[in-house]
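Input: a single structure, listed below in structure tokens.
Numbering (the numbering used here), first residue to last: 9 to 945.
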């Protein structure tokens, strides 16, 4: 039992599918029983009027049938209920029911029964008023200071206040500046009506001013002459109000206004007594009497299903409810006083109180007994075994369910091009532009809500439709989506792959709205989409040769769809005419196991090379050949690749130049505009001094520069696609050249292709330069000393030229060619020097092209020839006789002096290198000692 949970004393659910709001709950002695016990009156928008007399029952048993005193179906929806003295000839309490177009006043009577069925209740209509305008809400009170009776004021949806003096209609007045109706309340102390207007301010109107103002029985009379209606006081609160309550039990004059984010306590003159900022969205509130003098308690319900109790601005208690309350009241019943009555929007009526019931349970005394530890240990082991099995079973079930995807997305690409092309471009350079249809199947295993499918292809490819909104799917249902892919620009793509992403949500018991999830699928488009069969070209500018370990196969078997225009006299040759590029020719050697790929454009060979290698693997796999290998003998075409890099960088430089020129011309254009505006505003006309001509010329320059910048941007996108193709081709050749694994190829791709598109803030050159430099200092470094240098963390910016980048890429290829391997671990592939027999170390190669990553002048040493042991011993003895230090001692002293000058960080690597030499020196010294001892004996 939680201390901070409202205790359910009595509750009932009202009907099914009915709606309730703030004015649908009323509490009072509506049947005039005189016992002081309240009844609960509830009305719904469906027109059902119910009266309950709650009585205590066992906790959790709910309401009894005899607790419902009356239920009547009325014709119209019930907007608001009030209990008061609304009949002129009676001092009894009556029930006022507000409908959209009618006000009805009823008398609730109780007839004592003579049998065991008990008292019978009846609802009798006393009078009613038909309204000319649609009602919004109402308030009542002793308007004008009358005693013993209550009058009613109804606010219409168009801002008219209609006053009824019991059975007769008195007058009506329109509120000034009205837009939307707000809450309405009557303050008997000042005889004023308080509301909150659409201007988000609290307004107070005196009854006397309303009574003598212009009559508003007809709508046109708003504009006629007469005494104008003005507010007594106003207060801007800056938010819409939910409710207004004027308590009558307190000695202090207070007006409480509940806003959307704050609650205000005002004085009768409109001054703020205090306010409280709320950290939640309130739904209803009710001031009630406090035991402390000069304070008022507030019951506050919010949309978190919580009931809060405030004493002025201090939170005193919080209780959790079972639903969100829209109305709250405090009532006195037969068995309990001060019960909190709440009503939710869906008809959950609850009577509760806060705190806990006292518990009179006493735990029985436990007889002391001796504990058998062996039995406890055995029981503990058995329980632990059961727990482990249960955990293992749950883990297995979770893995099984996780492996089974909720939504399966499958893409099927048509092997042939469409009969009627869907391309927006009819042809490119005289070649027709085809399109290919892709069919997507979405199969659901569970209930899926709001699935949305997105298609993404790399430019210059485009699709007929990128986004699809699918209907919600049930378990086992399947949906199909079809679209076409085509070439949309006049250059070749770098990738023929595409991605399909489906975002959806799966509802659960805890989250009915659904948990967001994503399913993905990839598809590959055919080569036929971007190229056509063509006649072979004999002379080409760029050529690469792919070696295999199997005899050459017929290219017609590898590319059966491209043998339409092949000629038999050409031999085993195929040509591919790129729709937006040059011709690529593939020729198989007659005498060797080689294939030559040649073209007039370097980057255009990429798609054909990739397709050739993939089809080789597929062809030999179908033949059952498992040891098929591709290779590339070199050299790596870096100069051809650097031409593409320089062209891309040149366009980036041009883009920056255009941006600077545009900024200058824009500043000049605005300056001329300001001067012209000053001349035009001047009262004394002055000559323009050709400013208009200068402005027109500047405008033309701005337009010309903008057109040139836009054209350069299109060329830059095209150049970046060509650069990506050339980079893919370079990565493939490096992988075949050195036989890189799939992981190493992935690292190389992430290094040389870090971006999918260029941006003005971050370009391809600076990203690749930083990534290649990191590889050269980590896994491709020549010594651990190079790894100690950390990568610069400065902000990447566009370089001045591409010399440094090209030097680093050349060095990367050189170190890969010398046996370097790519790895994410910096210590895994350190190139350790190989120790030759006899204790000689190889001389490190000096790379002339390598940039000076660090100062290595102090780290280079020349190994001098060491004297033999005998000569060394004679020299030491002669030195002792002459009083001079020996070679060892002088060497030690020299090492000490040099050690003081050198950095200990830099000498670590040299110490490791000299360990082996010292160990090998000990062995000949031991041999000399044995020989010396033998000669003495």
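We treat Cβ as the ideally placed atom computed from N, Cα and C, and that holds for glycine. Computed from a prediction, not measured in an experiment: that's the story for all the values here.
Three-state class that DSSP yields for residue i in the structure shown
i           : result
residue 877 : Because the pLDDT of residue 877 is 43, which lies under 50, any placement of that residue in the model is unreliable, and the number read from its coordinates should be weighed accordingly. Looking at residue 877 - three-state DSSP - the assignment turns out to be helix.
residue 770 : coil
residue 253 : strand
residue 821 : helix
residue 93  : coil
residue 923 : With a pLDDT of 42 at residue 923, under the threshold of 50, the modelled position of this residue cannot be trusted; read the value that follows with caution. Three-state DSSP puts residue 923 in a helix.
residue 529 : strand
residue 384 : helix
residue 755 : helix
residue 229 : Caution is warranted here: a pLDDT of 47 is assigned to residue 229, below 50, making its placement in the model unreliable, and no coordinate value can be reported.
residue 127 : coil
residue 486 : strand
residue 763 : coil
residue 625 : helix
residue 214 : strand
residue 633 : coil
residue 242 : strand
residue 439 : strand
residue 903 : Residue placement at residue 903 cannot be trusted, given a pLDDT of 41 that sits under 50; what the coordinates show is reported in the next sentence. Residue state, collapsed to three classes: helix.
residue 567 : coil
residue 44  : coil
8 angstroms Cβ cutoff met for residue i and residue j
i           : j           : result
residue 741 : residue 605 : no
residue 203 : residue 191 : yes
residue 614 : residue 734 : yes
residue 468 : residue 729 : yes
residue 255 : residue 290 : no
residue 146 : residue 90  : yes
residue 77  : residue 61  : yes
residue 495 : residue 431 : yes
residue 767 : residue 780 : no
residue 292 : residue 333 : yes
residue 321 : residue 307 : no
residue 947 : residue 313 : Not covered by the structure: residue 947. The range shown for the chain is 9 to 945.
residue 558 : residue 601 : yes
residue 756 : residue 775 : no
residue 642 : residue 745 : yes
residue 155 : residue 39  : no
residue 245 : residue 208 : yes
Classification of residue i by the beta-carbon crowding that lies within 10 angstroms, buried from 16 upward
i           : result
residue 656 : buried
residue 46  : buried
residue 170 : buried
residue 814 : buried
residue 97  : exposed
residue 215 : buried
residue 446 : buried
residue 637 : exposed
residue 18  : buried
residue 380 : exposed
residue 823 : buried
residue 24  : exposed
residue 736 : buried
Beta-bridge partners of residue i, as assigned by DSSP
i           : result
residue 18  : 359
residue 811 : Per DSSP, none; premise fails for residue 811.
residue 505 : 532
residue 325 : 317
residue 420 : 447
residue 219 : Per DSSP, none; premise fails for residue 219.
The ligand GTP heavy atom lying under 7 angstroms from the CB of residue i
i           : result
residue 628 : Questions concerning the ligand GTP fall outside what the structure shown contains, since it holds no ligand whatsoever.
Any chain C beta carbon closer than 8 angstroms to residue i
i           : result
residue 748 : Chain labels in this structure do not include chain C; a single protein chain is all it has.
For the stretch 99-111 and the stretch 154-168, state whether three or more C-beta atom pairs, one from each stretch, are separated by less than 8 angstroms.
yes
Given 8 angstroms, three or more beta-carbon pairs between the stretch 485-495 and the stretch 543-559:
no
Inspect the CB distances between the stretch 441-458 and the stretch 530-543 and report whether three or more fall short of 8 angstroms.
yes
Could you tell me whether the stretch 805-820 touches the stretch 606-626, where touching means 3 or more Cβ pairs closer than 8 angstroms?
no
Cβ contact check for the stretch 670-677 and the stretch 701-720: 3 or more pairs under 8 angstroms:
yes
For the stretch 469-483 and the stretch 578-589, state whether three or more C-beta atom pairs, one from each stretch, are separated by less than 8 angstroms.
Contact fails: fewer than three Cβ-Cβ distances are below 8 angstroms.
Do three or more CB pairs link the stretch 346-358 to the stretch 384-391 at distances below 8 angstroms?
Not touching, per the Cβ criterion.
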